[in-house]
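Undergrad: Using my numbering, count along the sequence shown one by one with no gaps and you end on 377. The C-beta atom is built at its ideal place from N, Cα and C for all residues, glycine as well. All figures in this text were calculated on a predicted structure; none of them were measured in a lab. Can you read through this structure? Questions will come right after.
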Amino acid sequence: MASKGQSQPRGTTGVTFAARLGFEDIRHAFPNGQASLHGVTLTAEPGEVLCLLGPSGSGKTTLLRIAAGIEVQNSGRVLLNDREIAGPSVFVPPERRSIGLVFQDFALFPHLTILENVRFGLNALSGAEARREAATALARVGLEQYANAYPHLLSGGEQQRVALARALTPRPAVLLMDEPFSGLDSRLKDSVRAETLEILRRSRATAVVVTHDAEEAMRMGDRIALLKDGRLIQVGAARDLFERPDDLFVAGFFSELNVFEARALSGRVETPLGIFPAPFEDGQGVSVAVRLAGVEIAPTGEGVEGRVVSRRFLGDSEIIEAAVAGGEHPVRARVRCGALAAGIRDIRLSVRASDVLVFETAAQSA
Ligand code: ADP
Ligand code: MG
Numbered sequence: 012m013a014s015k016g017q018s019q020p021r022g023t024t025g026v027t028f029a030a031r032l033g034f035e036d037i038r039h040a041f042p043n044g045q046a047s048l049h050g051v052t053l054t055a056e057p058g059e060v061l062c063l064l065g066p067s068g069s070g071k072t073t074l075l076r077i078a079a080g081i082e083v084q085n086s087g088r089v090l091l092n093d094r095e096i097a098g099p100s101v102f103v104p105p106e107r108r109s110i111g112l113v114f115q116d117f118a119l120f121p122h123l124t125i126l127e128n129v130r131f132g133l134n135a136l137s138g139a140e141a142r143r144e145a146a147t148a149l150a151r152v153g154l155e156q157y158a159n160a161y162p163h164l165l166s167g168g169e170q171q172r173v174a175l176a177r178a179l180t181p182r183p184a185v186l187l188m189d190e191p192f193s194g195l196d197s198r199l200k201d202s203v204r205a206e207t208l209e210i211l212r213r214s215r216a217t218a219v220v221v222t223h224d225a226e227e228a229m230r231m232g233d234r235i236a237l238l239k240d241g242r243l244i245q246v247g248a249a250r251d252l253f254e255r256p257d258d259l260f261v262a263g264f265f266s267e268l269n270v271f272e273a274r275a276l277s278g279r280v281e282t283p284l285g286i287f288p289a290p291f292e293d294g295q296g297v298s299v300a301v302r303l304a305g306v307e308i309a310p311t312g313e314g315v316e317g318r319v320v321s322r323r324f325l326g327d328s329e330i331i332e333a334a335v336a337g338g339e340h341p342v343r344a345r346v347r348c349g350a351l352a353a354g355i356r357d358i359r360l361s362v363r364a365s366d367v368l369v370f371e372t373a374a375q376s377a
């Protein structure tokens, strides 16, 4: 683990020795009694990008703040490389944790130049040395030409990179980022996200990135940890969570769904879109989730009958709502534009088996 005071190779600002960050049964409530975390156990492995995903209010920021040492848990332990840094008998102060934090709003100092902002994290070094380190860090994020400019002159994406350079300059073993792209407009987001990922890979720091956007988590995370109401719901690679969600909440976080409530009978369940396997006891209530992208326009004689009630043009695709026999609500399908000619009312719909997920109703956390 890199720490201040140890000798470091020069000219390698931001390169660090990745650490393992562990949370053990973390429980936390605010002084007003508002509970935020109900026993979270989670590990970010050395060098990985772990995305902490969840709806607003699920406890993501609180967990990051506990790791950084600016919030203290009521019970449980935080471990860095299996060494306790916060627990019943230990509290390592934030500045001695080798953990960097990038805030949601970048939090650059408006009255300091870009270089001075980056240098801010290096107050243990002499002036000239800190200046050199900060300049190297700025070059790593490709912004050396802005060294003497003030933050307001930079675009949102550039400010985000300055915040990243500032957080990486002291060579943290772990970097925490709280919704780092939420302030950027959607056209900028893709490129800033890709650049950030590249910088994280080069720095080799372990990173925990908070987001409420499942697609962002899939783009960035080696693994994703999904939180809801202060509880960890499922952890795994993007593909695991998408293809094998533990419950309807997880499924709904990763895809738009049609959901039908029904009962299993003879290992199957009947829905307005067809009959699907449901390996449960007879009478068990089940929720059948069908991804919008898995509902397709079928040729005559296949699938079920539907009547188009609305169409929403989305560019590459369109969302079609169709009334089907036995359905309480219209079924929604996301189809490629052009798949259905203009003006057509009567259609047939089929379903791709891999886009159907069947859950026991009682088992869901939703
Ligand atoms: P997230 O980052 O996932 O949106 P937070 O960690 O900010 O969630 O918040 C978790 C819960 O704690 C929410 O219910 C939120 O309203 C509550 N909360 C956050 N900050 C405070 C605070 N300072 N005082 C009281 N409750 C808070
Ligand atoms: Mg938050």
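Applying the criterion that 16 or more other CB atoms from any shown protein chain within 10 Å of the CB defines a buried residue, is P336 buried or exposed?
TA: It should be noted that the sequence gives Ala, not Pro, for residue 336. Exposed is the call here.
Undergrad: Would you mind sorting T311 into buried or exposed? The rule is 16 or more other CB atoms within 10 Å of its CB.
TA: exposed
Undergrad: What number of angstroms, rounded off, separates the C-alpha of S321 from the C-alpha of E144?
TA: 59 Å
Undergrad: Excluding the five sequence neighbours on either side, which residues of its own chain have a C-beta within less than 7 Å of the C-beta of A248, listed in chain order?
TA: R234
Undergrad: Does the beta-carbon of S67, which I'm using as the reference point, lie nearer than 7 Å to any heavy atom of the ligand ADP?
TA: yes
Undergrad: Would you list the one or two residues that DSSP bridges to C348?
TA: None; C348 has no bridge partner.
Undergrad: Please state if the CB of Q115 and the CB of G194 are separated by a distance shorter than 8 Å.
TA: Pairing G194 with Q115 gives a Cβ-Cβ distance under 8 Å.
Undergrad: Measure the Cβ-Cβ separation of L91 and A30 and say whether it is below 8 Å.
TA: yes
Undergrad: Would L276 and L303 qualify as a contact pair, given that the criterion is a beta-carbon distance under 8 Å?
TA: no
Undergrad: If you measure from the beta carbon of A336 to each beta carbon in chain C, is any gap under 8 Å?
TA: The structure shown contains no chain C, having only a single protein chain.
Undergrad: Looking at the secondary structure, which residues open and close the alpha helix (DSSP H) in which A55 lies?
TA: Membership of A55 in any alpha helix (DSSP H) is not indicated; the residue belongs instead to the beta strand (DSSP E) covering 46-55.
Undergrad: By Cβ distance, which residues of its chain are closer than 8 Å to A158, with the 5 residues on each side in sequence left out?
TA: T124, I125, L126, A146, L149
Undergrad: Start and end of the beta strand (DSSP E) containing E292?
TA: That residue, E292, is in no beta strand (DSSP E); it is neither H nor E in DSSP.
Undergrad: If distances are taken between C-alpha atoms only, which option among N85, I210, D293 comes closest to G44?
TA: N85
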